[in-house]
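Trainee: Structure provided below as structure tokens; questions to follow.
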Amino acid sequence: MKIDFEHRMAAHCENGVISNMLRYYGIDLSEALIFGIGSGIYFSYLPFYKLNGMPVTSFRPWPGLIFKRITKALDIKMHIELFKNPEKAMKALDDNLENGIPTGMVVGVFHLTYFPAPYRFHFNAHNIVGIGKENGEYLISDPVMEKIEKLSYNDLKRVRYAMGIAKPKGKMYYMEKIPQTIDLEKAIMKGLKRTILEMVKLPGPIIGVTGIKYLSSRIKKWPKKYGEKKAAQYLGQIVRMLEEIGTGGAGFRFLFSAFLQEASEKLQIPALNDLSMEMTNVGDKWREFAVKAGRICKGRQTSETYNELSEFLQTIADEEKKVYLGIEKAIS
Amino acid sequence: MKVDEVPQDDANLLEGKTRDVQYAIDENGKYITVKSVGWDPKNTIMQQAWEVEKKKIRQAKKLVMDGIKSPLYYHMFRCLMNVKLLSSYVKLPRYKVKRHFDPKIFSKLSAQILDKYVYAFGLKNRDDLLKLELHED
Chain D
53 MKIDFEHRMA AHCENGVISN MLRYYGIDLS EALIFGIGSG IYFSYLPFYK
103 LNGMPVTSFR PWPGLIFKRI TKALDIKMHI ELFKNPEKAM KALDDNLENG
153 IPTGMVVGVF HLTYFPAPYR FHFNAHNIVG IGKENGEYLI SDPVMEKIEK
203 LSYNDLKRVR YAMGIAKPKG KMYYMEKIPQ TIDLEKAIMK GLKRTILEMV
253 KLPGPIIGVT GIKYLSSRIK KWPKKYGEKK AAQYLGQIVR MLEEIGTGGA
303 GFRFLFSAFL QEASEKLQIP ALNDLSMEMT NVGDKWREFA VKAGRICKGR
353 QTSETYNELS EFLQTIADEE KKVYLGIEKA IS
Chain B
-7 MKVDEVPQDD ANLLEGKTRD VQYAIDENGK YITVKSVGWD PKNTIMQQAW
43 EVEKKKIRQA KKLVMDGIKS PLYYHMFRCL MNVKLLSSYV KLPRYKVKRH
93 FDPKIFSKLS AQILDKYVYA FGLKNRDDLL KLELHED
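Chains as they are written, first to last, in this note's numbering: chain D, 53 to 384; chain B, -7 to 129.
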């Protein structure tokens, strides 16, 4: 049995799953719109909070947040359920599929058998949609995969009950009630306003554009403070957060630009389209930053290049800030 | 990023199983999605991280071959786990998991316990626990 579910790939699993599920129920919103309405662009630098002994740089909101914001903004009623007992969780999924309901699940990435090995690590907030069961195997729409994938009962159970940080505990969700009409303009405006708030208005040095500047001022000091080896390691971590699947960075700037383009059309504000192009330039600069940082990580580093990198990051922050302020002006 | 600037640097990190989705501008200035097989800076960073893990796996493998550790020790590293994570997968206290790394104790483990490890490591059956050539370079 297979639900007639259109599988589309996405740059980010959370947006992709929501977009695909909504489309099944007749609400056709692109990944970019979902991303923008959920204010998916974000930055925070947490020097005091260490993961694997390295300060945390985050280019995305906490997993699940975009999801929550979308359901709220579009007034969708989502049924979310956790299960203590794995067998019951699988039974609940079977029942749903039997009734033709596409069912979202939060899973751990490591034991996803269809994932390329270098991408398999213990990250427990990946989103997939169960869309059927054939010959005892589950059919899975995973937004980062090109085709519909298959998982056996045990393989699916294992990823739904992945262990480690942020255990998914069999979390499963499906749409219970979808509104007849949605107020897209209002949702887009709300998303834009929240992005401006988070990126340029929030006080404190660690979030938004000020966070990028703060990071820039710290990078300069790394080689002296931590030594070459550790500084390179820290830098590598940033590049990884910039570029790995679903972690944001440059890719999210392009996604946000795509959102601005659509928003410009939907809201009839041409200025947003120009700002989209400016954000594209910022995205290109983030990519350049990744190239430069990558070169330093490879070796041949001097404190001079760290200084250059820090200055470059400063420019990125300034330019990005201009875009957000431009948006604020355009929508007010 | 323009469509023709989307990098296609294949380092086989995606193993041909999928491609990344990138957003880029087409000739009409409109954003579209383009699939990419990889990008050099990203590939390098991922390979570096991967190499660190592989080194640990090789070391673990050697300890198993030398009879110092049981195969479970190798599989733990192969699955990028530590004792804490493994113990939560098999639902056994950490000290017991550590004891099972002793080849002598491992050889006397019950089928029931071994099955827990088979499940935790994503293997097919108990015989797979003894195979150390899975997931190789």
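Every residue, glycine too, gets a C-beta built ideally from N, C-alpha and C.
1) Hey, D/Ile79 and D/Asn67: beta-carbon distance below 8 Å or not?
2) Can you give the Cα-Cα distance for B/Asp129 and D/Phe162, rounded to whole angstroms?
3) Do you know how far the Cα of D/Glu189 is from the Cα of D/Asn137?
4) Report yes if the CB atom of D/Phe308 is closer than 8 Å to the CB atom of D/Met331, and no otherwise.
5) Secondary structure at B/Leu6, three-state DSSP: helix, strand or coil?
6) For a contact meaning CB atoms closer than 8 Å, what does B/Gln14 contact in chain D?
7) Measure from the alpha carbon of D/Glu198 to the alpha carbon of each residue in B/Asp12, B/Asn4 and B/Val(-2), then state which is nearest.
8) Would you list, in sequence order, the uninterrupted beta strand (DSSP E) runs of no fewer than 3 residues that lie entirely inside the stretch 125 to 199 of chain D?
9) D/Ile70 CB to nearest chain B CB: under 8 Å?
10) I need the straight-line Cα distance from D/Ala218 to D/Pro322, nearest angstrom please.
11) At the 8 Å Cβ level, is B/Ala41 part of the contact set with chain D, yes or no?
12) Using 8 Å as the threshold, is the stretch 244 to 255 of chain D in touch with the stretch 110 to 124 of chain B, meaning 3 or more CB pairs across them?
13) If you compare alpha carbons, which of B/Tyr66, B/Gly59 and B/Gln104 is closest to B/Glu125?
14) Any beta carbon of chain D sitting closer than 8 Å to that of B/Ile97?
15) B/Gly30 bridges to which residues according to DSSP?
16) Do you know how far the Cα of D/Gly301 is from the Cα of D/Gln285?
17) Can the beta-carbon of D/Met241 be found less than 8 Å from the beta-carbon of D/Ile383?
18) What are the residues that DSSP puts in a beta bridge with B/Lys(-6)?
19) Could you check the C-alpha separation between D/Glu363 and D/Ser269 for me, to the nearest Å?
20) Rounded to whole angstroms, how far is the Cβ of D/Ile264 from the Cβ of D/Ala369, which I believe are closer than 8 Å?
21) Below 9 Å between beta carbons is the criterion; list the residues of the stretch 22 to 40 of chain B that meet it against any residue of chain D, in chain order.
22) Do D/Met251 and D/Ile93 have their beta-carbon atoms positioned less than 8 Å apart in this structure?
Mentor: On the basis of the coordinates in this document:
1) no
2) Note that B/Asp129 scores 44 on pLDDT, short of 50, meaning its location in the model is unreliable and no value can be drawn from it.
3) The straight-line gap from Cα to Cα measures roughly 20 Å.
4) yes
5) coil
6) For B/Gln14, the chain D residues whose C-beta falls within less than 8 Å of its own C-beta are Ala63, Gly303 and Phe306, listed in chain order.
7) B/Asp12
8) Runs of the beta strand (DSSP E) lying entirely within the stretch 125 to 199 of chain D, each at least 3 residues long, are 129 to 133, 155 to 159, 178 to 186 and 189 to 193 in chain order.
9) No, no contact with chain B.
10) Between D/Ala218 and D/Pro322, the C-alpha separation is close to 42 Å.
11) yes
12) Fewer than three pairs of CB atoms, one per stretch, sit closer than 8 Å, so the stretch 244 to 255 of chain D makes no contact with the stretch 110 to 124 of chain B.
13) The residue with the shortest Cα to Cα distance from B/Glu125 is B/Tyr66.
14) no
15) In the DSSP output, where bridge partners are listed per residue, B/Gly30 has B/Gln0.
16) 18 Å
17) yes
18) B/Ile17
19) 8 Å
20) Right, the Cβ-Cβ distance comes to about 4 Å (below 8 Å), so this counts as a contact.
21) Those residues of the stretch 22 to 40 of chain B that come within reach of chain D (Cβ to Cβ, closer than 9 Å) are Lys22, Tyr23, Ile24, Thr25, Lys27, Trp31, Asp32, Pro33, Lys34, Thr36, Ile37, Met38, Gln39 and Gln40.
22) Their beta carbons are under 8 Å apart, which means D/Ile93 touches D/Met251 by this criterion.
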